[in-house]
Amino acid sequence: MAGGKDAAGYLRIQRRPGVGGMGGWVDGTRHPAGSYNRASMDDVMDRSALDALIDRMRRREARIGIVGMGYVGLPLALLFSEQGFAVTGFDIETGKVEALNRGESYIVRIDAAEIRKAQTAGFRATTDYAEAAGMDAMILCVPTPLNEYHEPDLSYVTGTVDALAPHVVPNQLIVLESTTYPGTTEEVVAPRLEAGNRRGLRIARDGQAGGNCLHLAFSPEREDPGNDTIARADIPKVVGGCSMATRELGMALYGSIFHRVVPVSSPAVAEMTKLLENIYRCVNIALVNELKQLAMRMGIDIHEVIEAAKTKPFGFQAFYPGPGLGGHCIPIDPFYLSWKAKQFDFRTRFIELAGEVNTAMPYFVIDQIAAGLNEHAKPIKGSRILVLGLAYKRDIDDLRESPSLTIIELLRQRGAEVAYNDPYFPQVGHGRHYALNMTNTPLENLGSYDAVVIVTDHSSYDYAAIVEQAQLVIDTRNATKGIESAKIVRC
Ligand SMILES: NC(=O)c1ccc[n+]([C@@H]2O[C@H](COP(=O)([O-])OP(=O)(O)OC[C@H]3O[C@@H](n4cnc5c(N)ncnc54)[C@H](O)[C@@H]3O)[C@@H](O)[C@H]2O)c1
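Mapping the sequence shown onto this note's numbering, position 483 (from 1) lands on 525, and the numbers just tick up by one.
Below you can see the structure in the form of structure tokens.
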């Protein structure tokens with residue numbers, strides 16, 4: 043990190059002179075390059091070289107490399123390609139690279155036709171980092187999970203940076219998009235790039251003497267898988283660079299595909315922005331999860347309450363209760379900040395409390411299943427239970443951190459005979475935290491199960507038919523809204 047220890051011995055993030063205090067300057071599209079302090083930009087990079095690169099970006103002639111052809115990187119590669127850029131996708135998984143080069147997709151919501159269309163526009167994939175030398179910009183979209191101690195696992199980021207560093211070239215723009223704690227770009231990525239490159243290139247900083255350098259920025263990914271209500275290009279893109287010249291490059295790069303770019307004063311601000319967004323979701327979901335439990339005891343339908351509250355035209359945003367958090371973001375990202383906060387002798391109590399409430403939700407669902415079966419004079423042990431939906435949310439093929447996995451494991455531990463149905467997963471083996479080794483069960487003979495548990499409310503399910511056939515339905519998503527039946531336990 044560009045920073046040091048203050049009098050109290052705590053690490054602080056250093057504000058670079060002239061970078062902060064941009065006032066209301068948030069919409070990159072409305073501010074010409076001339077708004078910058080030219081003297082400091084000319085320090086870090088020859089102005090004509092900078093202008094030439096910006097020009098290539100605006101003309102869509104810049105060559106873009108994207109590392110990590112996963113849920114984030116592949117759609118981003120297709121977006122750049124759609125806008126006329128020549129894109130190269132980098133990944134360590136040979137299977138993914140070969141599939142892409144055959145014009146195939148491995149993500150359900152991405153059609154193979156989109157990959158083939160991108161190929162005709164020049165898109166290809168590779169495992170060879172040496173090809174990075176031919177790129178004007180490299181965007182890193184690799185995983186940032188937690189390790190077994192619930193601490194940030196930056197090994198994918200460091201692995202990527204170490205593999206990339208020997209191949210970087212002067213004046214290249216490198217952008218980290220992986221969600222992470224404030225300080226990662228400057229504390230972890232910058233030193234590794236500087237130490238690992240073969241030409242002695244330094245990261246561009248304001249006020250630094252001119253010459254060849256590397257441009258390093260952070261720009262958080264804000265994709266919402268399965269949400270088709272907003273086009274990716276309409277989601278404003280936040281970017282913070284290690285220098286003002288870098289920020290200008292980042293704005294030119296993203297400004298050519300996103301309708302609005304929001305420049306911020308440093309990579310740390312951009313990193314923290316993403317965490318604020320996700321922590322806001324995590325805390326509010328925990329709040330409604332807790333209130334749902336109270337409302338159930340009081341005989342009040344929390345969903346009816348939320349619908350009514352939503353009519354307030356200001357000061358309220360609706361969040362919905364569920365069986366627990368899932369996905370690669372909301373259950374994980376807040377802990378990146380609480381881990382980092384310890385370095386500053388600070389406890390992030392909201393994050394911890396929200397984590398406690400949300401983590402307990404699958405256990406609450408198990409209690410509700412037990413109570414529902416009890417009404418039928420049955421124990422969990424020996425009951426046949428069908429879990430509907432493995433994905434962590436509706437209509438997607440991603441089961442990372444899905445509460446379904448925990449619920450299935452807890453049911454098995456209690457002696458239930460568990461089957462699942464999910465149109466997106468023909469089978470499920472083992473992951474970082476689970477070993478289910480199950481195959482998809484057809485949606486048949488629902489009456490033969492002691493309980494059907496709706497964990498993911500995929501839109502392809504016919505909920506009225508499910509309720510009609512099942513003996514007992516535990517609905518954790520309000521998927522049976524509007525269906526009246528004594529068989530339903532809504533929780
Ligand atoms: N999935 C989302 O909805 C979402 C939304 C916002 C932000 N994010 C963030 O974006 C980042 C990427 O998430 P994702 O969901 O795309 O992950 P993913 O697991 O789907 O994809 C990551 C890809 O990176 C590849 N990879 C790993 N190490 C590599 C290396 N050293 N070199 C090259 N490739 C490597 C993997 O093989 C994989 O294909 C994470 O930080 C995540 O928190 C994800």
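No residue lacks a Cβ here, since even glycine has one placed at the ideal position from N, Cα and C.
Here the structure is a predicted model, which means the values were calculated and not measured.
Query raised in the report: K423: buried (16+ other C-beta within 10 angstroms of its C-beta) or exposed?
Result: Label assigned to K423: exposed.
Query raised in the report: Can you tell which of M480, E290 and R151 has the C-alpha that lies nearest to the C-alpha of V470?
Result: When M480, E290 and R151 are compared, the shortest CA-CA separation from V470 is found for M480.
Query raised in the report: Buried or exposed: A81, going by 16 or more other Cβ atoms within 10 Å of its Cβ?
Result: For A81, the predicted structure reports a pLDDT of 42, less than 50, and the residue's modelled location is therefore unreliable. A value from the coordinates is still provided. When all chains shown are included, A81 counts as exposed.
Query raised in the report: The beta strand (DSSP E) with I530 in it runs from where to where?
Result: Element bounds for I530: I530 to R532.
Query raised in the report: Which residues bound the alpha helix (DSSP H) around E459?
Result: Element bounds for E459: not the alpha helix (DSSP H) but the beta strand (DSSP E), E459 to N463.
**Report entry** S147 Cβ short of 8 Å to ligand 1 heavy atom set
**Finding:** False, no ligand heavy atom lies under 8 Å from that Cβ.
Query raised in the report: Relative to ligand 1, is the shortest distance from any of its heavy atoms to the C-beta of V304 smaller than 8 Å?
Result: Checking the Cβ of V304 against ligand 1 gives no.
**Report entry** Alpha carbon of V68 to alpha carbon of T200, nearest angstrom
**Finding:** Below a pLDDT of 50, predicted positions are generally treated as unreliable, and V68, at 36, falls in that range; the measurement from the model is reported next regardless. The straight-line gap from Cα to Cα measures roughly 31 Å.
Query - For A350 and I181, the rounded distance between their alpha carbons - result: Going from the Cα of I181 to the Cα of A350 covers about 43 Å.
Query raised in the report: I272: beta carbon under 8 Å from a heavy atom of ligand 1?
Result: In this structure, I272 has its CB at a distance of at least 8 Å from all heavy atoms of ligand 1.
Query raised in the report: Given 8 Å as the limit, is there contact between the stretch 156–164 and the stretch 325–342, that is, 3 or more CB pairs closer than that?
Result: Not touching, per the Cβ criterion.
Query raised in the report: Shortest alpha-carbon distance to P32 belongs to which of E313, A507, N482 and M403?
Result: Because the chain here runs from 43 to 533, residue 32 falls outside it and cannot be looked at.
Query - Beta-carbon proximity list for R474, same chain, < 6 Å, skipping 5 on both sides - result: If we look at R474 and ignore the five residues flanking it on each side, it has no Cβ neighbours.
Report task. Assign T518 to buried or exposed, taking buried as 16 or more other Cβ atoms, counted over all protein chains shown, within 10 Å of its Cβ. Result -> It counts as buried.
Query raised in the report: Roughly how far, in whole angstroms, is the beta-carbon of E263 from the beta-carbon of E219, given that I think they are within contact range, below 8 Å?
Result: With 8 Å as the limit, E263 and E219 qualify as a contact, their Cβ atoms being about 5 Å apart.
Query - Q410 burial status per 10 Å Cβ neighbour count (16 or more: buried) - result: Classification for Q410: buried.
Query - Any non-hydrogen atom of ligand 1 within 8 Å of C371 CB - result: Yes.
Report task. Could you tell me which uninterrupted alpha helix (DSSP H) segments, each at least 4 residues in length, are contained entirely in the stretch 497–532, listed from first to last along the chain? Result -> With a minimum length of 4 residues, the continuous alpha helix (DSSP H) runs that stay inside the stretch 497–532 are 505–511.
Report task. Keeping to the same chain, check which residues put their C-beta closer than 7 Å to that of A246; ignore five residues upstream and five downstream. Result -> Within the same chain, Cβ atoms closer than 7 Å to the Cβ of A246 are found at V86, M87, C255, L256, H257, C284, S285, A287 and T288, the five residues on either side in sequence being excluded.
Query raised in the report: Do you know whose CA, among R302, T390, N326 and V280, lies nearest S308's CA?
Result: Scanning R302, T390, N326 and V280 for the CA closest to the CA of S308 turns up V280.
Query raised in the report: Excluding sequence positions up to five away, which residues of its chain have a Cβ less than 6 Å from the Cβ of A413?
Result: Result list for A413: empty, nothing under 6 Å.
**Report entry** Residue burial classification, R532 (beta-carbon count within 10 angstroms, cutoff 16)
**Finding:** By the neighbour-count rule (16 or more Cβ atoms within 10 Å), R532 is buried.
Query raised in the report: Which of the three DSSP states, helix, strand or coil, is assigned to P309?
Result: Helix, per DSSP.
Query raised in the report: Are P185 and K435 closer than 9 Å when you measure CB to CB?
Result: With respect to K435, P185 sits apart: the two C-beta atoms are not nearer than 9 Å.
Query - Residues of its chain near R244, where Cβ-Cβ distance is below 8 Å and the 5 sequence neighbours each way are ignored - result: Result list for R244: E236, Q250, C255 and L256, in chain order.
Report task. Confirm, please, whether the CB-CB distance from E290 to L432 is below 9 Å. Result -> Contact: no.
Query - Local Cβ density within 10 Å of T448, reported as buried at 16 or more and exposed below that - result: T448 is buried by the Cβ-count criterion.
Query raised in the report: When we look at the beta-carbon of D492 and count the other beta-carbons within 10 Å, is it buried (16 or more) or exposed?
Result: It is buried - the Cβ of D492 has at least 16 other Cβ atoms within 10 Å.
Query raised in the report: For A232, which residues from the same chain have a beta carbon less than 6 Å from its beta carbon, with the 5 sequence-adjacent residues on both sides left out?
Result: Excluding its 5 nearest sequence neighbours in each direction, A232 has C-beta neighbours in its own chain below 6 Å: I245 and L258, listed in chain order.
Query raised in the report: Since N479 is in the alpha helix (DSSP H), which residue starts that stretch and which ends it?
Result: Boundaries for N479: no alpha helix (DSSP H) harbours it, while the beta strand (DSSP E) harbouring it runs A477 to T481, taken from the DSSP string.
Query raised in the report: So is the beta-carbon of S220 under 8 Å away from any non-hydrogen atom of ligand 1?
Result: At a threshold of 8 Å, S220 counts as near ligand 1, since its beta carbon sits closer than that to one of the ligand's heavy atoms.
Report task. Give the DSSP-derived three-state secondary structure of H345 in the structure shown. Result -> Judged by DSSP in its simplified three-state form, H345 adopts helix.
Requested in this report: Figure out for me which residue from V429, R426 and H500 has the closest Cα to the Cα of D437.
Outcome: With distances taken between Cα atoms, D437 lies closest to H500.
Query raised in the report: Would the C-beta of V114 count as close to ligand 1, meaning under 8 Å from any of its heavy atoms?
Result: Ligand 1 approaches V114 closely enough that one of its heavy atoms is under 8 Å from the residue's Cβ.
Query raised in the report: Can you tell me where the beta strand (DSSP E) with G131 in it begins and where it stops?
Result: Start and end: A128 to F132.
Query raised in the report: How about P373 and P404: are their beta carbons less than 9 Å apart?
Result: No, the pair does not count as a contact, with Cβ atoms beyond the cut-off.
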